[in-house]
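For the sequence shown, my numbering assigns the number 1448 to the initial residue and increments by one for each residue that follows.
Heads up, the beta-carbon is just placed ideally off N, CA and C, and yes, glycines get one too.
Here's the structure, in structure tokens; my notes come after.
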Amino acid sequence: MTTERMLQQRTDVEEVVRRYYRIVSDLSSTEEDLRSVLAPDVVIVEHPNALVPTGATRDLAQTIEGFGRGKALLREQEFAVHDVLVDGERAAARATWRGVIGASAGPFREGQELIAHVAAMLTVHDGAIVRHETYDCYAPFTSAPA
């Protein structure tokens, strides 16, 4: 592979990763927007964390379902992507996620802010994410403002 082609692949992979996080961050984005960056056979692995203590592995249908549930729970959401390092089709991303609960549900209260520091490994093939492993480290949960 030529140096020019390698640089273009690196740029393409990084753009897909950044677009993915923009779509997930945007509460007005659609299921179709998300599908545009995920391969039909995508595998998403969420390693154990404060919200999913046993971790989870999801396919496309489960990911789309969770995307909808998150939108229903939150009134604000943001991924601040700090770094994307690319090697071939693989990317390592470091981000901070922030979400604000829109309506009280389960242990969460309206207005409560959640923050997670995220490290992720993603594989992009033919312009779509085929694998995403995420390691989410949540800040201690605090009560909603009075």
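- Item | Classification of residue 1523 by the beta-carbon crowding that lies within 10 angstroms, buried from 16 upward | exposed
- Item | First through last residue of the beta strand (DSSP E) which encompasses residue 1527 | 1521-1534
- Item | For residue 1556, the first and last residue of its enclosing alpha helix (DSSP H) | Unbroken run through residue 1556: none, as it is neither H nor E.
- Task: Can you grab the Cα-Cα spacing for the pair residue 1484 / residue 1554, in whole Å?
- Result: 32 Å
- Kindly list the residues whose CB is nearer than 7 Å to the CB of residue 1528, restricted to its own chain and excluding five residues on each side of it in sequence; keep chain order. 1465, 1468, 1540, 1542
- How about the stretch 1576-1586 and the stretch 1489-1500: do they share at least three Cβ pairs that are nearer than 8 Å? yes
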